[in-house]
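Residue numbers for the sequence shown, in numbering that gives the first Met the number 0: 0 to 243. Even glycine gets a Cβ: it sits at the ideal position worked out from N, Cα and C. On a predicted model such as this, the values are computed, not experimentally measured, just so you know.
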Amino acid sequence: MAILTLSERNLKTIKSITNSNYLDVIGLIIVLTASFTLGYHNTEYKFSFQGKNYIFLLGYVSILNTGFSMMGNRLVTKKNNIGNLITTCNTFLSGSIDYLLGNKGAILTYPISFIANFLVFRAWSKSRVLRAIDFIFYRNIVLGLLVSLVLNYIAFTTFSDKAIDWKLFFAVAIPAGITFGGTFNTARMYPDNWFIWQLYNLTKIIQNLMLLNIANTAKYTFYFFNAIIGYITWNDDRKKGNLK
């Protein structure tokens, strides 16, 4: 993958942006503005249980969940391990929301993400070394895609009585596969892994547009640009031997 060449002055500016709390606030404002402006907060999930009808305020919960997800992502960008802990806890709620919005594979794929994020938290607690690309980097990506395709196929054929919607299947399975590989690689702190997260964010933007999840669409658009500065910062720190 190509290495960006920037002057020390530009690198210093980008690092200050990466570690800025203002960028955290900007991300939250983007999500909240998009969600409330488009009325996503009014999204409801209606269901019945033991003969009674209930309404789950899916829009508000999803927006709150998105806020926590953004906090976790930004902390990871700053190499703060608390971000991995937040992401681990956030995975359960994200999976529940995705399932309610039509992602049948979530019932199988999100437990994998939960375990993987927890293992990343454990790995960062023991050691944080910024690594160059090696065989394990590519192995994790291939493994993640294979696991996702298999699990989502099982979910789509087992937990639904309808024929597989292949467009939705790949819109769900591919991002899940990318996030598996990306999460595995996050444990080893590859700067180039941010390119994987850029691809993941792009696929999640497409997926959430299909699922009409506006809050997540705005979130992943922000993440896409955050991954750029994440790569630049981590790669420069790796070359200079700055592990934290």
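- The DSSP-derived three-state label of N52 is strand.
- When the five nearest sequence neighbours on each side are left out, the beta carbons in the same chain lying within less than 8 Å of the beta carbon of L145 are those of G176, in order along the chain.
- Relative to the Cα of T185, the nearest Cα in the group D23, S68, A122 and S95 belongs to A122.
- For F221, the number of other beta carbons within 10 angstroms of its own is at least 16, and it is reported as buried.
- Taking a 10 Å sphere around the C-beta of F158, we find fewer than 16 other C-beta atoms and assign the residue as exposed.
- Apart from sequence neighbours up to five positions away, the residues of its chain that approach F67 with a beta-carbon distance below 7 Å are I85 and N89, ordered along the chain.
- For K14, the secondary structure class from DSSP, reduced to helix, strand or coil, is helix.
- Taking a C-beta distance under 8 Å as the contact criterion, G104 and N52 do not qualify as a contact pair.
- Under the criterion of beta carbons closer than 8 Å, T232 and K45 do not qualify as touching, at roughly 45 Å.
- At a Cβ-Cβ threshold of 8 Å, G143 and F183 count as neighbours.
- In the assembly as shown, W193 is a buried residue. Its beta-carbon has 16 or more other beta-carbons within 10 Å.
- DSSP places P110 in the uninterrupted alpha helix (DSSP H) bounded by A105 to K125.
- Annotation for N225: L22, G26, N72, R73 and T76 place their beta carbon closer than 8 Å to its own, counting only its chain and skipping 5 residues before and after.
- Contact annotation: V171 and Q197 have beta-carbon atoms that are not nearer than 8 Å.
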